[in-house]
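Engineer: Residues 400 to 685 (the working numbering) are what the sequence shown spells out, left to right.
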Amino acid sequence: MRTVYVNGEYLPENEAKVSIFDRGFLMADGVYEVTSVLDGKLIDFAGHAKRLERSLSELDMPHPEVLPDLLEVHRELVRLNGIEEGMIYLQITRGAPDDRDFVFPDPETTTPTVVLFTQNKPGLANSPAAQKGIKVISIEDQRWARRDIKTVQLLFPSMGKMMAKAAGVDDAWMVEDGAVTEGTSNNAYIIKGNTIITRHLGNEILHGITRAAVLRFAKEAQMQVEERSFTIAEAQKADEAFITSASTFVMPVVEVDGVAVGTGTPGPVAARLREIYLDESRKAAV
Ligand code: PMP
400 MRTVYVNGEY LPENEAKVSI FDRGFLMADG VYEVTSVLDG KLIDFAGHAK
450 RLERSLSELD MPHPEVLPDL LEVHRELVRL NGIEEGMIYL QITRGAPDDR
500 DFVFPDPETT TPTVVLFTQN KPGLANSPAA QKGIKVISIE DQRWARRDIK
550 TVQLLFPSMG KMMAKAAGVD DAWMVEDGAV TEGTSNNAYI IKGNTIITRH
600 LGNEILHGIT RAAVLRFAKE AQMQVEERSF TIAEAQKADE AFITSASTFV
650 MPVVEVDGVA VGTGTPGPVA ARLREIYLDE SRKAAV
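(1) Using only the heavy atoms of the ligand PMP, determine whether one of them is closer than 8 angstroms to the beta carbon of His599.
(2) For the alpha helix (DSSP H) containing Lys618, name the first residue and the last one.
(3) Strictly closer than 6 angstroms from CB to any heavy atom of the ligand PMP: give me those residues in the order they appear in the chain.
(4) Would you mind stating whether Gly429 and Thr510 have Cβ atoms separated by less than 9 angstroms?
(5) Which residues in the same chain as Leu476 place their Cβ atom closer than 8 angstroms to its Cβ, once the five residues preceding and following it in sequence are excluded?
(6) What do you get for Glu603, buried or exposed, if any count of 16 or more other CB atoms within 10 angstroms of its CB means buried?
(7) Are the beta-carbon atoms of Val579 and Ile533 separated by less than 9 angstroms?
(8) In whole angstroms, what separates the C-alpha of Ser584 from that of Asp497?
(9) Between Gln635 and Ser628, what straight-line distance do the alpha-carbon atoms span, to the nearest angstrom?
(10) From the DSSP output, read off the bridge partner residues of Trp572.
(11) Looking only at its own chain, which residues have a Cβ that is under 6 angstroms from the Cβ of Ala683, when we skip the five neighbours before and after it?
(12) May I ask you to list the residues that DSSP assigns as paired with Pro521?
(13) Sort out for me which residues DSSP pairs Val649 with in a bridge.
(14) Can the beta-carbon of Val653 be found closer than 9 angstroms to that of Ala659?
(15) Return the bridge partner residues of Thr550 from the DSSP annotation.
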């Protein structure tokens, strides 16, 4: 049984409780982060902590008292649960007022709810999917307009994963005004020659922590990076494609809407980026 963290306490998972009036539950009024663990250490913790603070600020959500100590809480959960490879899920909501109300509760009387738990994933870095690559379909992006905030409103991405599953593939890339925004839970990229193309930052996509790291490593390895939108047709004609996220690292995409990308097998550039990302991230892990 896992030991989880709820509002200052480390508890067995079946004893952890949150109010039915919690705004995370009633209104999806909450934000989250997922940080990977490799070799028992946290990958890019500082990046996730910084984005978390930004998500809280963008939603005028009070910063919980534990915020400065979150690294210690993460480490303690890794220790208590003996995690070598896996993820730490963290969620902060606006808390639980006495009743349901659209108006934000008074932060003096309603404090944020903070929950963290571990997800043990032995073999995360050695995933067979990375050898095979994944297949995606395109779907219309029907999410709200502030995708740069990492909120727990994940119903549409969840529906997108189900559409992918129904189509017999692994994931979906979302398209808005003819251009790919991102994957249901990852950033999307294509490779043409020595150039890596991924959508520019804005409110339309989540500013991936893995994205920032991978683009930095790509530039250091003398690859060209173009941050601009691209279409599904362009992806189908690309040499390679891939996705990034904290839990998949760099994952090759070998098919888009039934059309093979490049040779239809994972390409050398994505493989190299995955290797660099894993090596450098392990070195910098805390
Ligand atoms: N886009 C979306 C919509 C996501 O949900 C995620 C993962 N949470 C990402 C991109 C990748 O972000 P990160 O690299 O920080 O995990």
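Ideal Cβ positions, reconstructed from N, Cα and C, are used throughout, including at glycine.
Structural biologist: By the coordinates alone:
(1) no
(2) Ile608 to Glu619
(3) Val433, Glu581, Ser584, Asn585, Asn586, Leu605, Gly607, Ile608, Thr609, Arg610, Thr643, Ser644 and Ala645
(4) Gly429 is not a Cβ neighbour of Thr510, given a cutoff of 9 angstroms.
(5) Thr402, Val403, Tyr404, Tyr409, Ile482, Ile487, Leu515, Phe516 and Thr517
(6) buried
(7) no
(8) 33 angstroms
(9) 14 angstroms
(10) Ser537 and Gly582
(11) none
(12) The partner list for Pro521 (beta bridge, DSSP) is empty, contrary to what the question assumes.
(13) Thr643
(14) yes
(15) Val430
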